[in-house]
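Novice:
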Amino acid sequence: MKVLVINAGSSSLKYQLIDMTDESVLAKGSCERIGIDNGAFKQKAPGKEDYTFTTDIANHSAAIKLVVDALTSKEHGVIGSMSEIAAVGHRVLHGGEKFSASVLIDDKVIEAIEECCELGPLHNPHNLTGIRACEEMMPGVPQVAVFDTGFHQTMPPKAYMFGLPYKYYEKYRLRKYGFHGTSHRFVSKKLCELNGWDISTKKIITCHLGNGSSIAAVDCGKCVDTSMSFTPLDGLMMGTRSGAVDPSVVLYIMKHEGLSPDEMNDVLNKKSGFLGTSDGVTSDSRDLIAAAEDGNSKAELAIRMFRYQIKKYIGSYAAAMGGLDAVIFTGGIGENSDDLRDECCEGLGFMGIELDRAKNTELNHGEGKISTEGSRVEVWIVPTNEELLIARDTLEIVGGQK
Numbered sequence: 041m042k043v044l045v046i047n048a049g050s051s052s053l054k055y056q057l058i059d060m061t062d063e064s065v066l067a068k069g070s071c072e073r074i075g076i077d078n079g080a081f082k083q084k085a086p087g088k089e090d091y092t093f094t095t096d097i098a099n100h101s102a103a104i105k106l107v108v109d110a111l112t113s114k115e116h117g118v119i120g121s122m123s124e125i126a127a128v129g130h131r132v133l134h135g136g137e138k139f140s141a142s143v144l145i146d147d148k149v150i151e152a153i154e155e156c157c158e159l160g161p162l163h164n165p166h167n168l169t170g171i172r173a174c175e176e177m178m179p180g181v182p183q184v185a186v187f188d189t190g191f192h193q194t195m196p197p198k199a200y201m202f203g204l205p206y207k208y209y210e211k212y213r214l215r216k217y218g219f220h221g222t223s224h225r226f227v228s229k230k231l232c233e234l235n236g237w238d239i240s241t242k243k244i245i246t247c248h249l250g251n252g253s254s255i256a257a258v259d260c261g262k263c264v265d266t267s268m269s270f271t272p273l274d275g276l277m278m279g280t281r282s283g284a285v286d287p288s289v290v291l292y293i294m295k296h297e298g299l300s301p302d303e304m305n306d307v308l309n310k311k312s313g314f315l316g317t318s319d320g321v322t323s324d325s326r327d328l329i330a331a332a333e334d335g336n337s338k339a340e341l342a343i344r345m346f347r348y349q350i351k352k353y354i355g356s357y358a359a360a361m362g363g364l365d366a367v368i369f370t371g372g373i374g375e376n377s378d379d380l381r382d383e384c385c386e387g388l389g390f391m392g393i394e395l396d397r398a399k400n401t402e403l404n405h406g407e408g409k410i411s412t413e414g415s416r417v418e419v420w421i422v423p424t425n426e427e428l429l430i431a432r433d434t435l436e437i438v439g440g441q442k
């Protein structure tokens, strides 16, 4: 069974075609600058030269057509016809309180995703565009929605509610939802498979660290708390996002700078985090480290703040779960920065965390345990694979229809 995984953004569409008989990636690629001049298409497939070209891509339907043409191309393709694709799995950002698991897409599901557009205005509309484009180009092929928020729906009210008048929850469903759920679910399950553990008995902290970052407390296979909240803005500072700040700071800036809500939102989401703290140096962690090594004190401050926040979450989530068996680092930063992992684990020996510095350096960019043999709490690098989890969910829901 072959599953096409789609991740549709505002002006981009990423995809992977996965053969679920052995979970191999047959092809992966992207369409960039959709609806903008000089669109770009690229596809990589094992055993074939990279296929890239530029062309105007009017909309997501046009992008899906390019994907279809590339996958079935005699020269660049990997399948004979689209009839070989049994199902399509879509990453959908926000399912609100409606979806705690992946679902087969029908009219009611589409309506529910539309209702969540207000909660995920930057993503849900584009996710829907991808779904509708696939319906148009591949009529009759079953589609599955896999929600970023779904894994976090197991959080108890004490973790997801805000200390606001209850009427705002009743009226607007204002609460913590959490994001990156597909990644947190994948790596926590993967670690237990690698160790031969029963996930229903383990307490795990998963650190998804990249340009967008979040941490989750996974107790016996279920999320009980996570750092992102009503939106992906809360929690850790990130590439351009502020992370958690005192709400009064927001009001103070708006008052004294004369900013509108939209302008303040732009500051918090696009001008803060690494970029803002470094005073405009960069939003990329690699460039941030290089700048710090060259003596930039503001870049150094941003690095120290980020790592300090991660350490605090590890400690607080261990307390929330009443124990800890493992810490996982994943995501672009989590998987590739041995210096960050070292600093985040430093001083946590009282919790039973002892990092093996040699292993931590050797296993950079890989998968494996980086704690000492005597460490009571294991520390691991586990590369995430959200596309594979989406494909697995799709296979489970659709089954052997084709």
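For the sequence shown, this note's numbering assigns the number 41 to the initial residue and increments by one for each residue that follows. Ideal Cβ positions, reconstructed from N, Cα and C, are used throughout, including at glycine. Quick caveat, the model's predicted, so the values are computed rather than measured.
Roughly how many whole angstroms lie between the Cα atoms of E333 and Y55?
Specialist: Within the sequence shown, numbered from 1, the residue matching residue 333 stands at position 293. Within the sequence shown, numbered from 1, the residue matching residue 55 stands at position 15. So the two alpha carbons sit approximately 37 Å from each other.
Novice: So, using beta-carbon positions, are S325 and F314 closer together than 8 Å?
Specialist: As a working note, residue 325 is residue 285 in the sequence shown. As a working note, residue 314 is residue 274 in the sequence shown. Yes; because the gap between Cβ atoms is below 8 Å, this pair is in contact.
Novice: Please report the straight-line C-alpha distance between G355 and R432, rounded to a whole angstrom.
Specialist: Here residue 355 corresponds to residue number 315 of the sequence shown, with the count starting at 1. Here residue 432 corresponds to residue number 392 of the sequence shown, with the count starting at 1. In a straight line, the C-alpha of G355 is about 32 Å away from that of R432.
Novice: Between which residues of its own chain and I74 is the CB-CB distance below 7 Å, once the five residues before and five after are set aside?
Specialist: Taking the first residue of the sequence shown as position 1, residue 74 is located at position 34. So the list reads S51, S52, L53, I97, N99, H100, A103, once near-sequence residues are dropped.
Novice: Can the beta-carbon of W420 be found less than 8 Å from the beta-carbon of G408?
Specialist: Translated into the one-based positions of the sequence shown, residue 420 becomes position 380. Translated into the one-based positions of the sequence shown, residue 408 becomes position 368. Yes, the pair counts as a contact, with Cβ atoms nearer than the cut-off.
Novice: Could you tell me which whole alpha helix (DSSP H) segments of length 4 or greater appear in the region 56-91?
Specialist: List check, alpha helix (DSSP H) in window: nothing returned.
Novice: Which full runs of the beta strand (DSSP E) of 3+ residues lie inside the region 222-257, going along the chain?
Specialist: Segments of the beta strand (DSSP E) lying fully in the region 222-257: 243-248.
Novice: Between the region 335-344 and the region 240-258, do at least 3 Cβ pairs fall closer than 8 Å?
Specialist: Counting Cβ pairs under 8 Å, fewer than three are found: no touch.
Novice: Is it right to say R344 is buried, meaning 16 or more other beta carbons lie within 10 angstroms of its own, or is it exposed?
Specialist: Stepping through the sequence shown from its first residue, residue 344 is reached at position 304. Exposed.
Novice: Using the rule of at least 16 other Cβ atoms within 10 Å of the residue's Cβ for burial, across every protein chain shown, is D77 buried or exposed?
Specialist: Taking the first residue of the sequence shown as 1, we reach residue 77 at position 37. It counts as exposed.
Novice: Can you list, in chain order, the residues of its chain whose CB lies under 8 Å from that of K42, leaving out five sequence neighbours each side?
Specialist: For this step, residue 42 is matched to residue 2 along the sequence shown. Counting only Cβ-Cβ distances below 8 Å, and skipping sequence neighbours, we find L57, I58, D59, M60, L66, I119, E124, I125, A126.
Novice: Leaving out the 5 sequence neighbours to the left and right, which residues in its chain are closer than 6 Å to S269 when beta-carbon positions are compared?
Specialist: As a position in the sequence shown, residue 269 is number 229, starting the count at 1. Result list for S269: K216, in chain order.
Novice: Between G283 and Q349, which are expected to be in contact by the criterion C-beta below 8 Å, what is the C-beta distance as a whole number of angstroms?
Specialist: Walking along the sequence shown from the start, residue 283 turns up at place 243. Walking along the sequence shown from the start, residue 349 turns up at place 309. With a Cβ gap of about 7 Å, G283 and Q349 count as contacting.
Novice: Taking only heavy atoms of the ligand FMN into account, decide whether any of them is closer than 7 Å to the Cβ of T266.
Specialist: Annotation note on the ligand FMN: not contained in the displayed structure, which lists no ligands.
Novice: Taking contact to mean 3 or more Cβ pairs, one atom from each stretch, closer than 8 Å, check whether the region 190-206 and the region 163-181 are in contact.
Specialist: These segments do not touch.
Novice: Closest by CA to T271, which one among R213, N404, F93, M294?
Specialist: The count along the sequence shown starts at 1 and reaches residue 271 at position 231. The residue with the shortest Cα to Cα distance from T271 is R213.
Novice: Look up L106 in the DSSP assignment and give the residues it is bridged to.
Specialist: Mapped onto the sequence shown, residue 106 falls at position 66. Beta-bridge pairing links L106 to no other residue.
Novice: How should K198 be labelled, buried or exposed, when 16 other C-beta atoms within 10 angstroms of its C-beta is the threshold for buried?
Specialist: Stepping through the sequence shown from its first residue, residue 198 is reached at position 158. That one is exposed.
Novice: Helix, strand or coil: how does DSSP classify D265 here?
Specialist: The count along the sequence shown starts at 1 and reaches residue 265 at position 225. The answer is strand: DSSP assigns D265 an E or B state.
Novice: DSSP state of E407, grouped into three classes?
Specialist: Here residue 407 refers to the residue found at position 367 of the sequence shown. Residue state, collapsed to three classes: coil.
Novice: In chain order, which beta strand (DSSP E) runs of at least 3 residues are fully inside the region 303-382?
Specialist: Within the region 303-382, the complete beta strand (DSSP E) runs of at least 3 residues are 366-370.
Novice: Below 8 Å on the Cβ atoms is my guess for G392 versus K243; work out the distance and round it to an integer in Å.
Specialist: Position 352 of the sequence shown, counted from the first residue, corresponds to residue 392. Position 203 of the sequence shown, counted from the first residue, corresponds to residue 243. Incorrect: roughly 12 Å between the Cβ atoms, too far for contact.
Novice: Could you give the DSSP three-state label for K399: helix, strand or coil?
Specialist: To locate residue 399, count along the sequence shown from 1; it is residue 359. Helix at K399.
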